[in-house]
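So the structure is just underneath, and the comments pick up after that.
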Amino acid sequence: MPKTQTYTLNMGPQHPSTHGVLQLELELDGEQVVKAIPYMGYLHRGIEKLAESRTYTQFIPYTDRLDYVASMGNNLGYCQTVEKLIEIEIPERAEYLRIIMTELNRIASHLLFMSSLAIDLGATTGMIYGFRDRETVLDLFDMVCGARLTYNYIRIGGVADDIPPEFIPATQKFLGDFPKILEEYHNLLTGNEILYYRLKNTGIINGKQALEVGLTGPCLRASGVDYDIRKVESYGIYDRFDFAVPLGENGDNWDRYIVRMEEMVESSKIIAQAIAQLPEGPFMAKVPKVLKPPAGDVYHRIENPRGELGFYIVSDGTTKPYRTHVRRPSFINLQALDEVCKGLLIADVVAVLATLDPLMGEVDC
Amino acid sequence: MQEVIGLFAISEILRGLLSQYFSNPQWIDLFMALINLGGILTVISMSAIVLVYAERKISAYMQVRIGPNRVGPWGTIQSVADMIKLMSKEDIIPDSADKKMWILAPVLLFIPSAAVYAVFPFDRQAIFADLNIGIFYFIAVASQSTLPFLMAGWSSNSKYALVGGMRTVAQMLSYEVPMAFSIVGVVMLTGSMRMSDIVAAQQHGWFIFLQPVAFVVYMIAAIAETNRAPFDLVECESELVAGPFTEYSGMRWALFFLAEYSNLLAASAIATTLFLGGWNGPWLPGWLWFFLKIGVMIFVFMWFRWTFPRLRIDQLMTFGWKVLLPLALVNVLITGIGIYSYKLFS
Numbered sequence: 148m149p150k151t152q153t154y155t156l157n158m159g160p161q162h163p164s165t166h167g168v169l170q171l172e173l174e175l176d177g178e179q180v181v182k183a184i185p186y187m188g189y190l191h192r193g194i195e196k197l198a199e200s201r202t203y204t205q206f207i208p209y210t211d212r213l214d215y216v217a218s219m220g221n222n223l224g225y226c227q228t229v230e231k232l233i234e235i236e237i238p239e240r241a242e243y244l245r246i247i248m249t250e251l252n253r254i255a256s257h258l259l260f261m262s263s264l265a266i267d268l269g270a271t272t273g274m275i276y277g278f279r280d281r282e283t284v285l286d287l288f289d290m291v292c293g294a295r296l297t298y299n300y301i302r303i304g305g306v307a308d309d310i311p312p313e314f315i316p317a318t319q320k321f322l323g324d325f326p327k328i329l330e331e332y333h334n335l336l337t338g339n340e341i342l343y344y345r346l347k348n349t350g351i352i353n354g355k356q357a358l359e360v361g362l363t364g365p366c367l368r369a370s371g372v373d374y375d376i377r378k379v380e381s382y383g384i385y386d387r388f389d390f391a392v393p394l395g396e397n398g399d400n401w402d403r404y405i406v407r408m409e410e411m412v413e414s415s416k417i418i419a420q421a422i423a424q425l426p427e428g429p430f431m432a433k434v435p436k437v438l439k440p441p442a443g444d445v446y447h448r449i450e451n452p453r454g455e456l457g458f459y460i461v462s463d464g465t466t467k468p469y470r471t472h473v474r475r476p477s478f479i480n481l482q483a484l485d486e487v488c489k490g491l492l493i494a495d496v497v498a499v500l501a502t503l504d505p506l507m508g509e510v511d512c
Numbered sequence: 009m010q011e012v013i014g015l016f017a018i019s020e021i022l023r024g025l026l027s028q029y030f031s032n033p034q035w036i037d038l039f040m041a042l043i044n045l046g047g048i049l050t051v052i053s054m055s056a057i058v059l060v061y062a063e064r065k066i067s068a069y070m071q072v073r074i075g076p077n078r079v080g081p082w083g084t085i086q087s088v089a090d091m092i093k094l095m096s097k098e099d100i101i102p103d104s105a106d107k108k109m110w111i112l113a114p115v116l117l118f119i120p121s122a123a124v125y126a127v128f129p130f131d132r133q134a135i136f137a138d139l140n141i142g143i144f145y146f147i148a149v150a151s152q153s154t155l156p157f158l159m160a161g162w163s164s165n166s167k168y169a170l171v172g173g174m175r176t177v178a179q180m181l182s183y184e185v186p187m188a189f190s191i192v193g194v195v196m197l198t199g200s201m202r203m204s205d206i207v208a209a210q211q212h213g214w215f216i217f218l219q220p221v222a223f224v225v226y227m228i229a230a231i232a233e234t235n236r237a238p239f240d241l242v243e244c245e246s247e248l249v250a251g252p253f254t255e256y257s258g259m260r261w262a263l264f265f266l267a268e269y270s271n272l273l274a275a276s277a278i279a280t281t282l283f284l285g286g287w288n289g290p291w292l293p294g295w296l297w298f299f300l301k302i303g304v305m306i307f308v309f310m311w312f313r314w315t316f317p318r319l320r321i322d323q324l325m326t327f328g329w330k331v332l333l334p335l336a337l338v339n340v341l342i343t344g345i346g347i348y349s350y351k352l353f354s
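If you read the protein sequences in the order shown, they are chains U and G.
So for the first sequence, our numbering puts the first residue at 148; every next one is plus one.
So for the second sequence, our numbering puts the first residue at 9; every next one is plus one.
Here's what the structure looks like:
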């Protein structure tokens with residue numbers, strides 16, 4: 148037996164498939180991974196520190212820059228946390244609009260997940276198709292708030308503006324087309340033998356391991372753990388909607404893919420119900436111009452497309468928070484990488500990274 | 009009509025013209041050889057330009073995009089602009105590279121991919137060298153392109169390039185075997201390795217109908233040999249950045265690119281010759297038929313590339329050795345039994 152040696156390969160921060168500026172230090176034995184260490188911090192902007200010198204309202208645009216493909220969720224998480232702190236009632240219409248927006252954003256985010264998974268596996272066409280339909284959702288957001296990526300739409304006490312009259316028909320058209328679009332993806336990607344064998348039984352993480360690492364969101368549910376904050380600790384008005392929580396079995400790459408594909412269907416169901424129930428009325432509560440929450444601390448969490456997004460705010464009774472901490476799902480999900488990648492091939496590392504779906508804006512905060 | 013604008017007729021006219029200026033027939037032969045050589049090299053270099061444009065337009069069509077549409081009408085001279093850009097780029101040689109090998113690799117890769125064109129029957133009697141071992145020559149020369157990939161990967165002194173180079177060797181060696189065996193079926197039917205004989209034997213029926221399994225095996229192996237998706241593990245950009253080409257830029261990188269498209273054309277030309285009847289076809293001149301069939305084959309190759317995800321290296325090896333090779337061997341066996349029983353009953 149000839150003597151072999153492991154070698155290290157620096158994957159990133161300039162690499163086509165590390166989803167931005169993630170650096171992986173892979174210790175490889177031939178093509179097999181012995182160790183995978185993620186290095187982060189290339190996108191660190193000190194958002195938590197910035198929060199300390201901004202008023203509560205001023206911080207909302209910064210949350211857009213956390214998980215920048217699901218900004219509505221970030222807005223919602225932060226605003227609900229502050230609302231919990233100052234104890235304010237939100238108008239019905241605003242609650243419904245918030246649900247519609249966050250669920251639309253979940254679809255957009257999962258479409259981006261599917262696209263990046265496709266291109267990481269070499270299926271370029273799948274990516275373009277995903278982006279084509281994500282564009283439709285972004286156009287809807289454009290109608291509502293004029294932005295395609297960083298919305299700053301959900302505000303403390305409601306939403307920034309009422310929806311324009313053309314929004315509802317356009318959304319309904321998108322929802323009507325959505326089953327057809329999904330079928331196209333299933334024909335192109337899900338039904339593809341190569342994709343199936345690339346994803347099935349690779350990157351397995353079982354439910355116990357997943358809980359130990361602290362996985363949340365679709366990654367945790369793919370391991371078979373029924374944990375969706377929308378159900379477990381319902382926030383907003385999620386308890387009024389009828390939707391299922393898709394679960395996986397093995398916690399492999401394939402399950403993580405399928406769970407997200409099914410979540411998109413559930414999201415579209417929620418949006419359809421919300422549009423049907425959407426009441427008339429004000430979209431903004433009466434909020435004082437200068438927010439001075441009482442001294443104290445508050446933690447609130449929501450189900451973002453990537454997992455449990457939590458905000459912890461300590462208030463000292465002034466206009467600015469004493470401390471703001473963000474529990475970023477991508478950051479914590481990334482901890483699973485080393486565990487999942489052991490013994491896999493280089494090609495699988497890319498697939499695992501795609502299905503864990505970390506977003507560097509959120510990892511580095 | 010078919011005879012008049014056939015390539016052989018054109019070469020006869022040229023020969024006649026030359027004989028007015030040169031009395032020595034050896035000089036005429038030399039000039040004709042040079043003209044043929046020039047023609048083949050033109051085809052190779054033009055093919056890259058045309059195929060790059062075609063690839064971009066076809067992929068755009070498949071991906072609900074528009075594709076290049078700025079340079080020239082419908083973006084037709086986009087590839088020319090690309091070529092000019094590549095040629096005018098700075099020539100960067102990495103410091104830690106093994107310079108001689110590094111410089112030699114793209115050139116060496118291009119040589120075999122151009123040399124295989126010597127045995128392609130473009131038209132009736134229009135073949136540069138009608139060797140009696142034509143198809144054997146193709147396999148032998150085409151397999152030489154494995155080494156330059158390894159050279160490029162090794163001499164770049166970069167880990168991505170090295171892994172890519174190693175993958176190339178594993179992939180190309182293991183797919184050469186089923187490819188050769190799939191061709192054996194056709195050779196058994198013809199009883200000759202001469203390209204002109206193989207084409208002549210298909211005058212009344214293409215071998216794709218007699219050897220469908222061999223055709224499928226050949227197609228898959230040819231995609232792997234030309235390193236195209238779903239077998240583009242060599243340069244898979246999502247894992248290895250660009251495999252052995254990672255450190256190359258400018259014209260040196262363009263040579264790899266040229267060789268890739270030249271290989272694609274060669275693989276399609278062999279598929280046309282072996283399975284689709286070569287230049288056989290009614291009404292149109294033979295060379296036009298030849299290029300039309302090549303076009304169809306290339307379209308199929310591109311179709312694969314823009315539809316499928318990439319395989320993993322272990323799946324690739326398993327598929328090559330455990331599926332394709334047995335399939336090709338069984339095909340050889342069945343062809344043998346078929347030929348034997350055909351002889352027995354007729």
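Beta carbons are placed, not taken as given, at the ideal position from N, Cα and C, and that holds for glycine.
- Between U/G159 and U/L169, the C-beta gap is smaller than 8 Å, which places the two residues in contact.
- Within chain G, not a single residue places a beta-carbon under 7 Å from that of U/N348; the smallest gap is close to 12 Å.
- Interface annotation, G/F309: not in contact with chain U, CB-CB separation never under 8 Å.
- Distance between G/K107 and G/F157, taken at the CA atoms: about 15 Å.
- Taking CB atoms only, G/K351 has no neighbour in chain U less than 8 Å away.
- Residue state for G/E98 is assigned as coil, using DSSP reduced to three classes.
- Taking the Cα of G/M203 as reference, the smallest distance to any Cα among G/S164, G/A267, G/G285 is reached at G/G285.
- In its chain, beyond the 5 residues on either side, M219, G220, L223 have a beta carbon closer than 6 Å to the beta carbon of U/T249.
- Annotation: the continuous alpha helix (DSSP H) that includes U/A255 extends over 239-267.
- Contact annotation: U/P208 and U/T297 have beta-carbon atoms nearer than 8 Å.
- Taking 8 Å as the upper bound on Cβ-Cβ separation, chain U lies near residues E245, S246, E247, L248, V249 of the segment 245-259 of chain G.
- Along the segment 283-317 of chain U, there is no position whose C-beta sits under 7 Å from a C-beta of chain G.
- Counting C-beta pairs closer than 8 Å gives three or more between the segment 143-160 of chain G and the segment 177-185 of chain G, which meets the contact rule.
- When U/V473, U/D389, U/Q356, U/D309 are compared, the shortest CA-CA separation from U/M290 is found for U/D309.
- Residue contact with chain U for G/Q179: absent (no Cβ-Cβ distance below 8 Å to any residue of chain U).
- Taken through DSSP and simplified to helix, strand or coil, U/F458 comes out as strand.
- Distance from the Cα of G/S96 is smallest, within the candidate group G/Y125, G/R320, G/R260, G/I306, for G/R260.
- Per DSSP, the unbroken beta strand (DSSP E) holding U/G443 starts and ends at 443-451.
- In the three-state reduction of the DSSP assignment, U/M148 falls in the coil class, being assigned neither a helical nor a strand state.
- Shown here for G/G328: same chain residues with a beta carbon closer than 6 Å to its own, the five before and five after excluded, namely S182, Y183 in chain order.
- In the structure shown, the three-state DSSP call for U/N353 is coil.
- In the structure shown, the three-state DSSP call for U/Q319 is helix.
- The alpha-carbon of G/S53 is positioned some 28 Å away from that of G/V225.
- With 16 or more neighbouring CB atoms inside 10 Å of its own CB, G/K65 falls in the buried class.
- Neighbourhood of G/L319 in chain U, by CB distance below 7 Å: I341, in chain order.
- Annotation: the continuous alpha helix (DSSP H) that includes U/E230 extends over 218-233.
- Under the Cβ criterion of 8 Å, G/A237 is counted among the residues facing chain U.
- Counted as a single uninterrupted DSSP element, the alpha helix (DSSP H) harbouring U/R403 occupies residues 400-424.
- Taking all protein chains in view, the Cβ of U/I184 is surrounded by fewer than 16 other Cβ atoms within 10 Å, so the residue is classified as exposed.
- Spanning the alpha carbons of U/K467 and U/I384 requires a straight line of approximately 28 Å.
- Contact check for U/H447 against U/E195 fails: the beta carbons are separated by 8 Å or more.
- The DSSP-derived three-state label of U/E172 is strand.
- A distance below 8 Å between beta-carbons, with the five flanking residues on each side excluded, links G/V340 to the following residues of its chain, in chain order: F189, V192, G193, M196.
- Comparing C-alpha distances from U/T271 to each of U/Q424, U/P163, U/N400 shows the shortest one belongs to U/P163.
- Within 8 Å of the CB of G/R73, the CB atoms of chain U belong to I275, in sequence order along the chain.
- Annotation for U/E509: L213, D214, R475, S477 place their beta carbon closer than 6 Å to its own, counting only its chain and skipping 5 residues before and after.
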